[in-house]
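**Q**
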Amino acid sequence: MKSIKKIAVLLNGNMRTPKIKALHRLIDWLNARSTDGFKIDKLSLDNSWLGSNPWLSGFIEADGNFYCAFKLNSKGIATNIKVYMRVSQKQSYKSTTTTSENNSNFYIMDKIREFLDVKNVIEIQRNKSNYIELAYEVRTTKKLSCDILINYLTNFPLFSSKHLDFLDWSEVHHIRISKKYQSLDGTSKLISLKNSMNTKRTQFNWDSLNRFYC
Numbered sequence: 001m002k003s004i005k006k007i008a009v010l011l012n013g014n015m016r017t018p019k020i021k022a023l024h025r026l027i028d029w030l031n032a033r034s035t036d037g038f039k040i041d042k043l044s045l046d047n048s049w050l051g052s053n054p055w056l057s058g059f060i061e062a063d064g065n066f067y068c069a070f071k072l073n074s075k076g077i078a079t080n081i082k083v084y085m086r087v088s089q090k091q092s093y094k095s096t097t098t099t100s101e102n103n104s105n106f107y108i109m110d111k112i113r114e115f116l117d118v119k120n121v122i123e124i125q126r127n128k129s130n131y132i133e134l135a136y137e138v139r140t141t142k143k144l145s146c147d148i149l150i151n152y153l154t155n156f157p158l159f160s161s162k163h164l165d166f167l168d169w170s171e172v173h174h175i176r177i178s179k180k181y182q183s184l185d186g187t188s189k190l191i192s193l194k195n196s197m198n199t200k201r202t203q204f205n206w207d208s209l210n211r212f213y214c
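Sequential numbering from 1 applies to the sequence shown in UniProt numbering.
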């Protein structure tokens with residue numbers, strides 16, 4: 001019970017999505033069973049600027065992905081390079097037939113879009129084992145959006161192996177912007193980075209955990 005209460009206190013006031021309803025139900029449950037007279041006040045959504053704390057970093061840890069792709073021309077040089085981070089979330093917090101304002105995840109996804117200077121929140125369909133889930137997605141397809149994200153995740157780093165994917169993805173982004181990919185050496189570096197990211201990663205380094213923040 002003590003551990004559950006500690007988690008509730010840590011989350012209280014730091015929620016940004018409709019999932020706050022589940023936290024408030026937990027707080028009601030804890031308060032009803034409190035034997036020491038200590039009651040947790042239910043705090044509202046955190047509406048502070050996304051760049052002020054690591055909340056978005058945690059959100060990307062759970063639901064984000066770093067993507068890069070390119071083609072090779074007849075000379076073996078990379079062309080049509082695509083580099084972006086995408087983060088998605090199901091449209092509705094609860095499984096309902098309609099997406100009402102109080103359970104829709106559009107608001108937080110639009111806040112992420114605004115923070116990263118992305119033009120639109122995209123509506124997508126995600127294939128699950130036995131159904132199709134409607135979701136919202138934000139993609140950092142332009143340079144400024146990627147730069148904003150790189151600056152943010154440098155200040156509030158990821159801590160799973162996704163941090164390593166971010167570092168490789170950032171390098172791909174810089175190679176693209178600097179046009180170093182136009183040489184065989186640059187293209188070779190792109191291929192090496194792409195082949196070490198996400199599910200293809202075989203080498204791991206956890207030094208970043210030494211900077212873990214509370």
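Note that CB positions come from ideal geometry on N, CA and C, so glycine has one too.
1. Can you look up T96 in the DSSP assignment and give me helix, strand or coil?
2. Could you have a look at Y181 and say whether DSSP puts it in helix, strand or coil?
3. Can you pull the DSSP bridge partners for A135?
4. Taking the C-alpha atoms as reference points, what is the distance between K40 and L158?
5. Tell me, to the nearest whole angstrom, how far the beta carbon of L50 is from that of K111; I am working on the premise that it is less than 8 Å.
6. If we count Cβ pairs, one from each stretch, closer than 8 Å, do we get three or more for the region 80 to 93 versus the region 60 to 71?
7. Just to confirm the assignment, what range does the beta strand (DSSP E) spanning I71 have?
8. Please state the DSSP three-state secondary structure of I40.
9. Count the other C-beta atoms from every protein chain shown that fall within 10 angstroms of the C-beta of D207, then say buried if there are 16 or more, exposed otherwise.
10. Mind the definition here: the region 171 to 188 touches the region 68 to 82 only if three or more C-beta pairs lie below 8 Å; say whether that holds.
11. If you draw a straight line from the alpha carbon of I7 to that of N31, how long is it in whole angstroms?
**A** To lay it out plainly:
1. To locate residue 96, count along the sequence shown from 1; it is residue 96. Bear in mind that a pLDDT of 46 at T96, under 50, signals an unreliable position, so the number given afterwards is only what the model happens to contain. Here T96 sits in coil by DSSP.
2. One-based indexing of the sequence shown puts residue 181 at position 181. Residue state, collapsed to three classes: helix.
3. The count along the sequence shown starts at 1 and reaches residue 135 at position 135. K90 and I124.
4. Position 40 of the sequence shown, counting from 1, holds the residue named residue 40. Position 158 of the sequence shown, counting from 1, holds the residue named residue 158. The sequence shown places Ile at residue 40, rather than the Lys named in the question. Their Cα atoms are separated by approximately 30 Å.
5. Working through the sequence shown from its first residue, we reach residue 50 at position 50. Working through the sequence shown from its first residue, we reach residue 111 at position 111. Sure, about 6 Å apart at Cβ, within 8 Å.
6. yes
7. Sequence index remark: in the sequence shown, residue 71 carries index 71 (1-based). Reading off the sequence, residue 71 comes out as Lys, not Ile. Counting along the chain, the beta strand (DSSP E) containing K71 begins and ends at G64 to L72.
8. By 1-based counting over the sequence shown, the position of residue 40 is 40. DSSP places I40 in coil when its eight states are reduced to three.
9. As a position in the sequence shown, residue 207 is number 207, starting the count at 1. D207 should be labelled exposed.
10. yes
11. As a working mapping, residue 7 is identified with position 7 in the sequence shown. As a working mapping, residue 31 is identified with position 31 in the sequence shown. Roughly 14 Å between the two C-alpha positions.
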